[in-house]
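Student: I'd like to ask some things about the structure below.
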Amino acid sequence: DSGVTQTPKHLITATGQRVTLRCSPRSGDLSVYWYQQSLDQGLQFLIQYYNGEERAKGNILERFSAQQFPDLHSELNLSSLELGDSALYFCASSVSWGELFFGEGSRLTVL
Amino acid sequence: GENVEQHPSTLSVQEGDSAVIKCTYSDSASNYFPWYKQELGKRPQLIIDIRSNVGEKKDQRIAVTLNKTAKHFSLHITETQPEDSAVYFCAASFTGTASKLTFGTGTRLQVTL
Numbered sequence: 423d424s425g426v427t428q429t430p431k432h433l434i435t436a437t438g439q440r441v442t443l444r445c446s447p448r449s450g451d452l453s454v455y456w457y458q459q460s461l462d463q464g465l466q467f468l469i470q471y472y473n474g475e476e477r478a479k480g481n482i483l484e485r486f487s488a489q490q491f492p493d494l495h496s497e498l499n500l501s502s503l504e505l506g507d508s509a510l511y512f513c514a515s516s517v518s519w520g521e522l523f524f525g526e527g528s529r530l531t532v533l
Numbered sequence: 044g045e046n047v048e049q050h051p052s053t054l055s056v057q058e059g060d061s062a063v064i065k066c067t068y069s070d071s072a073s074n075y076f077p078w079y080k081q082e083l084g085k086r087p088q089l090i091i092d093i094r095s096n097v098g099e100k101k102d103q104r105i106a107v108t109l110n111k112t113a114k115h116f117s118l119h120i121t122e123t124q125p126e127d128s129a130v131y132f133c134a135a136s137f138t139g140t141a142s143k144l145t146f147g148t149g150t151r152l153q154v155t156l
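Chains A and B, in that order, give the protein sequences.
With our numbering applied, the first sequence corresponds to residues 423 to 533, in that order.
With our numbering applied, the second sequence corresponds to residues 44 to 156, in that order.
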């Protein structure tokens with residue numbers, strides 16, 4: 423158990439819909455990262471937050487947005503979903519730099 | 044920004060043989076190089092890391108080497124076992140506050156009996 427909690431574990435939805443993925447970082451970790459992993463693909467960095475502020479942006483689509491709340495949990499919002507958005511979405515946390523601790527992931531299936 | 048290239052994309056070895064995975068990075072400011080292992084359907088987990096002030100680090104059957112001049116680092120697994128079968132990701136970052144890890148594309152290692 424990494425201490426990073428992600429919900430939901432599985433999500434099935436239709437094209438055009440909107441979903442929210444939630445992440446609770448390890449106690450004391452200020453940084454939260456979101457990664458997308460499509461089938462047999464690598465870890466594509468989406469976005470990073472540090473203590474409530476956006477710190478880095480990767481290849482995140484405009485249809486996607488995220489935020490980190492004062493209690494340090496984070497949410498990733500995916501809207502106008504397309505078939506190609508089906509993937510495993512990982513949240514990870516760290517103190518500030520160094521080892522990332524990954525959650526178990528949220529598997530999104532868009533039908 | 045940082046760019047990390049990883050080779051090979053797939054690697055098949057017989058049990059007991061050694062496996063080597065290589066990565067190159069582009070940003071000379073990077074000073075932290077971790078390796079993550081991802082078993083099928085599971086989350087990535089850190090297996091070993093190295094910082095730029097060290098050239099080599101070992102942990103039982105796993106070792107990592109770093110050549111800062113050439114900007115490449117490698118993962119060495121000796122006496123491979125079936126449970127080593129997984130996808131391995133290298134990564135690089137600069138250890139500033141809230142720095143971003145850039146991952147390689149991954150190597151799928153298959154250890155056959």
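Glycine included, each C-beta is placed from N, C-alpha and C at the ideal position.
1) Would residue 155 of chain B and residue 54 of chain B be called neighbours here (beta carbons separated by less than 9 angstroms)?
2) For the candidate residues B:89, B:123, B:116, whose alpha-carbon lies nearest to that of residue 50 of chain B?
3) Does residue 92 of chain B get closer than 9 angstroms to chain D when you measure Cβ to Cβ?
4) Counting Cβ pairs, one atom from each stretch, are 3 or more of them under 8 angstroms apart for the segment 102 to 121 of chain B and the segment 57 to 74 of chain B?
5) Quick one: which chain B residues come within Cβ less than 9 angstroms of residue 526 of chain A?
6) Straight-line CA distance for residue 521 of chain A to residue 436 of chain A?
7) Between residue 510 of chain A and residue 146 of chain B, how many whole angstroms is the CB-CB distance? I'm expecting something under 8 angstroms.
8) Going along chain A in order, which residues have a C-beta closer than 8 angstroms to the C-beta of residue 132 of chain B?
9) Is the beta carbon of residue 469 of chain A within less than 8 angstroms of some heavy atom of the ligand GDP?
10) When the Cα atoms are used, what is the spatial distance from residue 468 of chain A to residue 103 of chain B?
Tutor: In short:
1) no
2) B:116
3) Here chain D cannot be found, since the structure's protein chains are A and B.
4) yes
5) 85, 86
6) 35 angstroms
7) Rounded, the Cβ-Cβ distance is 14 angstroms, inconsistent with contact.
8) 464, 465
9) Among the components of this structure there are no ligands whatsoever, and the ligand GDP is therefore not found.
10) 34 angstroms
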